[in-house]
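Numbering (the numbering used here), first residue to last: 1 to 195.
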């Protein structure tokens with residue numbers, strides 16, 4: 001199908017895109033738009049194999065798998081488990097598995113450490129819907145170009161780095177940039193200079 005073909009082309013373009021856009025001087029809203037497009041296209045470039053889809057559809061057809069409750073149901077707790085409700089349908093589940101990671105929205109994080117760093121203006125987001133602005137060595141970058149001895153790698157650096165959730169990026173240069181930065185900072189501390 002056309003969407004599968006577009007997804008496969010996009011999948012092969014991602015490494016170039018990630019390398020080109022990460023650590024760039026693009027405007028924050030442009031980076032946010034690029035990340036949004038990349039995330040929307042992942043369902044085509046990394047969607048389940050056709051055989052897995054056929055198996056899921058067979059489970060639905062056999063009425064073993066019910067998809068009524070997958071689109072943001074109302075959830076409340078009961079003595080028997082979790083009650084899921086959507087429109088006129090209700091069900092109680094005694095086991096729930098959340099396999100979805102929360103988005104890396106720095107301003108919405110419910111973490112006392114992150115809240116304190118924000119309140120003290122020690123970190124700032126690349127964009128209101130993204131993560132912490134960092135330098136290439138993963139050190140947090142402040143508004144005035146100052147650098148503090150705090151390094152961030154992974155989801156919380158989404159925006160500075162594009163493709164933080166991509167498995168193909170786990171073994172790329174980013175971890176090397178971070179580890180080289182750690183080594184350099186330790187070496188400088190031993191020499192008595194600042195971070």
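Don't be surprised by glycine CBs; every beta carbon is placed ideally from N, CA and C.
Residue i, DSSP secondary structure in three states
i	result
residue 98	coil
residue 90	strand
residue 166	coil
residue 60	helix
residue 74	strand
residue 32	helix
residue 126	coil
residue 222	Nothing about residue 222 can be reported from this structure: the residues present for the chain run from 1 to 195 only.
Chain-order list of residues whose beta-carbon lies under 6 Å from that of residue i (same chain, five-residue window excluded)
i	result
residue 76	83
Sequence-distant residues of its chain with Cβ nearer than 8 Å to residue i (five each side left out)
i	result
residue 48	56
Terminal residues of the alpha helix (DSSP H) in which residue i lies
i	result
residue 181	173-191
residue 20	2-21
residue 117	112-119
Residue i classed as buried or exposed, judged by whether at least 16 other C-beta atoms fall within 10 angstroms
i	result
residue 125	buried
residue 71	exposed
residue 162	buried
residue 139	buried
residue 38	buried
residue 177	buried
residue 12	exposed
Residue i: first and last residue of the uninterrupted beta strand (DSSP E) it sits in
i	result
residue 67	No beta strand (DSSP E) contains residue 67, which DSSP labels as neither H nor E.
residue 48	Element bounds for residue 48: n/a, residue is neither H nor E.
residue 149	147-151
Beta bridge counterpart(s) of residue i as assigned by DSSP
i	result
residue 136	According to DSSP, which records beta bridges pairwise, residue 136 is partnered with nothing at all.
residue 141	147
Beta-carbon proximity list for residue i, same chain, < 7 Å, skipping 5 on both sides
i	result
residue 198	Nothing can be reported for residue 198, as the shown portion of the chain is limited to 1 through 195.
residue 60	67
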